[in-house]
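Chemist: Starting off with a structure, shown below.
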Amino acid sequence: MSGELVLGIESSCDETAASVVRDETQILSNVIHSQIELHRAYAGVVPEIASRSHTTRVLPIVETALQEAGATPDQLAAIAVTNRPGMIGCLLIGMTAAKSLSWLYGVPLIGVNHILAHIHAAFMTTPDLPLPCLSLVASGGHTALYHVTAPGIAECVGRTRDDAAGEAFDKGAAILGLSYPGGPAIEEAARGGNATAVAFPRPLLHKDLDFSFSGVKTALLYHLRGSGLEREMPELSDSEVADLAASYQDAIVDCLVTKLRRAVTQYSSKSLAIGGGVACNTRLREAIANDPVLSELQHTFPPLSLCTDNAAMVAGLGTLAFRNGQIDDLSLDAAATSRARA
Ligand code: KG4
Ligand code: ZN
Numbered sequence: 138m139s140g141e142l143v144l145g146i147e148s149s150c151d152e153t154a155a156s157v158v159r160d161e162t163q164i165l166s167n168v169i170h171s172q173i174e175l176h177r178a179y180a181g182v183v184p185e186i187a188s189r190s191h192t193t194r195v196l197p198i199v200e201t202a203l204q205e206a207g208a209t210p211d212q213l214a215a216i217a218v219t220n221r222p223g224m225i226g227c228l229l230i231g232m233t234a235a236k237s238l239s240w241l242y243g244v245p246l247i248g249v250n251h252i253l254a255h256i257h258a259a260f261m262t263t264p265d266l267p268l269p270c271l272s273l274v275a276s277g278g279h280t281a282l283y284h285v286t287a288p289g290i291a292e293c294v295g296r297t298r299d300d301a302a303g304e305a306f307d308k309g310a311a312i313l314g315l316s317y318p319g320g321p322a323i324e325e326a327a328r329g330g331n332a333t334a335v336a337f338p339r340p341l342l343h344k345d346l347d348f349s350f351s352g353v354k355t356a357l358l359y360h361l362r363g364s365g366l367e368r369e370m371p372e373l374s375d376s377e378v379a380d381l382a383a384s385y386q387d388a389i390v391d392c393l394v395t396k397l398r399r400a401v402t403q404y405s406s407k408s409l410a411i412g413g414g415v416a417c418n419t420r421l422r423e424a425i426a427n428d429p430v431l432s433e434l435q436h437t438f439p440p441l442s443l444c445t446d447n448a449a450m451v452a453g454l455g456t457l458a459f460r461n462g463q464i465d466d467l468s469l470d471a472a473a474t475s476r477a478r479a
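Structural data, given as structure tokens:
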């Protein structure tokens, strides 16, 4: 098979994923196994359960990704793997697989930053995005704004000081008795609800580019059962749940959109790229489309399969690193937190 083939492996959280990408942007396969069912009972990702599941899934998923792409290991130019940030045990599983295959097949190994890979998903679908671009990555584990000056080169200009936006959706849904993951559940419950029914706080709204979502979740909890530890939750009618979900969703979306608007003005951004699981949210997409400042910019939401965790974005950014000679060796380490390198 012709072209530069890169195998991507992703296991930083609760998705085990592998993908083969040709020439940075052509996705030949994009295999994702989501562990949602394993974590549903806990209303959040349990690191130990996640690591164990990755252990059994990762090699068969790599095999499937190669098969679906019609590629053989000897055709690979490189193997890219998420090595930061993420849950350390989870990262180590994908990395051990990637290192073993790199050694076995004599193929270069490339460690990829998961957040920069989320940003890069937008450049894979829209390679000619005008620069500088402002990128929002909002997921269950991360919420941050990036000033992107070139594909793979991004500076973090704002981040959450506590919960991630997706985490706020997940925890809010748990409080409302909705299912996990909370983002889609709140979005669904909010349909037909009155978003102005409850004025939930918008922390840090008038300050810099950082986010804070933990107060919104607490406000929802206290709104329902008052402050104090031992109070009972009230029974809610469907329409009350709809109003609460719509108001809660709007508070989160309002914070995201307000900071995005401030950031694009501050950094004279020419385009907007949104990634991470929260980018699936329809209300967020509408709010950006209706915003007088943001709607003027070329904006891109990658397809849903590239918004949530996937390995195609890892292979795409890995290809860029490979071309720039940024090759790692078997001493590559995992890191729970982000570092600057692309
Ligand atoms: O990027 P992702 O698949 O995994 C990581 O957390 O890294 O994002 C999952 C997060 C969850 O918190 C989920 O509730 C949220 O993205 N999410 C959404 C929607 N779909 C997924 N949040 C709001 N609205 C949605 N439609
Ligand atoms: Zn992610």
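Here the sequence shown stands for residues 138 to 479, where the numbers follow our numbering. Where is the CB? At the ideal position from N, CA and C, for every residue including glycine. Fair warning: this is a prediction, and the values are worked out from it, not measured in the lab.
#1: Measuring straight from C-alpha to C-alpha, what distance separates proline 340 and phenylalanine 348?
#2: Is cysteine 150 near the ligand ZN, judged by its Cβ being under 7 angstroms from some heavy atom?
#3: Report whether the distance from the Cβ of threonine 262 to the nearest heavy atom of the ligand KG4 is below 7 angstroms.
#4: Counting along the chain, where does the beta strand (DSSP E) carrying alanine 410 start and finish?
#5: Going by DSSP in three states, glycine 485 sits in which element: helix, strand or coil?
#6: At what residues does the alpha helix (DSSP H) containing valine 401 begin and finish?
#7: Could you tell me the distance, in whole angstroms, from the CA atom of serine 442 to the CA atom of serine 276?
#8: Should histidine 343 go down as buried or exposed, given a rule of 16 or more other Cβ atoms within 10 Å for buried?
#9: Given a threshold of 16 other Cβ atoms within 10 Å of its Cβ, counted over all protein chains shown, does leucine 142 qualify as buried or as exposed?
#10: Check the DSSP bridge columns for glutamate 152 and list the partner residues they point to.
#11: At 3 residues or longer, what runs of the beta strand (DSSP E) sit wholly inside the region 414-444?
#12: Return helix, strand or coil for leucine 469, following the three-state DSSP convention.
#13: Cβ of phenylalanine 306 within 7 angstroms of any heavy atom in the ligand KG4?
#14: Per DSSP, which residues does valine 143 bridge with? Please list them.
#15: Using a Cβ-Cβ cutoff of less than 8 angstroms, which residues in the same chain neighbour alanine 215 once the five nearest sequence positions on both sides are dropped?
#16: Pick helix, strand or coil for glutamine 204, following the three-state DSSP scheme.
#17: Are the region 224-241 and the region 174-193 touching, with three or more C-beta to C-beta distances below 8 angstroms?
#18: What I want to know is whether the C-beta of threonine 280 ends up closer than 7 angstroms to one or more non-hydrogen atoms of the ligand KG4.
#19: CB of proline 321 to nearest heavy atom of the ligand KG4: below 7 angstroms?
#20: Looking at the unbroken alpha helix (DSSP H) that takes in glycine 303, where does it start and where does it end?
#21: Around the C-beta of alanine 178, are 16 or more other C-beta atoms found within 10 angstroms, so that it is buried, or is it exposed?
Modeler: Per the coordinate set shown:
#1: As a first step, residue 340 must be located in the sequence shown, where it is residue number 203. As a first step, residue 348 must be located in the sequence shown, where it is residue number 211. Cα to Cα, the separation comes out at about 7 angstroms.
#2: Translated into the one-based positions of the sequence shown, residue 150 becomes position 13. Yes, Cβ of cysteine 150 sits closer than 7 angstroms to a heavy atom of the ligand ZN.
#3: The residue labelled residue 262 in the question sits at position 125 within the sequence shown. It does not: the Cβ of threonine 262 is nowhere closer than 7 angstroms to a heavy atom of the ligand KG4.
#4: Numbered from 1 along the sequence shown, position 273 holds the residue referred to as residue 410. Run containing alanine 410: 408-412, per the beta strand (DSSP E) assignment.
#5: Here the chain covers residues 138 to 479 and nothing more, so residue 485 does not appear.
#6: As a first step, residue 401 must be located in the sequence shown, where it is residue number 264. It spans 375-403 - the alpha helix (DSSP H) in which valine 401 sits, taken as one unbroken run.
#7: Residue 442 sits at position 305 when you count from the first residue of the sequence shown. Residue 276 sits at position 139 when you count from the first residue of the sequence shown. Serine 442 and serine 276: Cα-Cα distance of roughly 14 angstroms.
#8: What you label residue 343 is simply residue 206 of the sequence shown in a count that begins at 1. When all chains shown are included, histidine 343 counts as exposed.
#9: Taking the first residue of the sequence shown as 1, we reach residue 142 at position 5. So leucine 142 counts as buried.
#10: Position 15 of the sequence shown, counting from 1, holds the residue named residue 152. Answer by DSSP bridge pairing, in chain order: Ser171.
#11: 435-437
#12: Indexing the sequence shown from 1 puts residue 469 at position 332. DSSP places leucine 469 in coil when its eight states are reduced to three.
#13: Working through the sequence shown from its first residue, we reach residue 306 at position 169. Yes, the beta carbon of phenylalanine 306 sits closer than 7 angstroms to at least one heavy atom of the ligand KG4.
#14: In the sequence shown, counting from the first residue as 1, residue 143 sits at position 6. Looking at the DSSP assignment, valine 143 forms a beta bridge with Val158, Ala215.
#15: The residue labelled residue 215 in the question sits at position 78 within the sequence shown. These residues qualify, in order along the chain: Val143, Leu144, Val244, Pro245, Leu246, Ile247, Gly455, Thr456, Phe459, Ile464.
#16: The sequence position of residue 204 within the sequence shown is 67, counting from 1. In the structure shown, glutamine 204 sits in a helix (DSSP, three-state: H, G or I).
#17: yes
#18: Residue mapping note: residue 280 aligns to position 143 of the sequence shown, counting from 1. No, the beta carbon of threonine 280 sits no closer than 7 angstroms to any heavy atom of the ligand KG4.
#19: By 1-based counting over the sequence shown, the position of residue 321 is 184. The answer is yes for proline 321.
#20: Residue mapping note: residue 303 aligns to position 166 of the sequence shown, counting from 1. Counting along the chain, the alpha helix (DSSP H) containing glycine 303 begins and ends at 302-313.
#21: As a position in the sequence shown, residue 178 is number 41, starting the count at 1. The residue in question, alanine 178, is exposed, as its Cβ has fewer than 16 Cβ neighbours within 10 Å.
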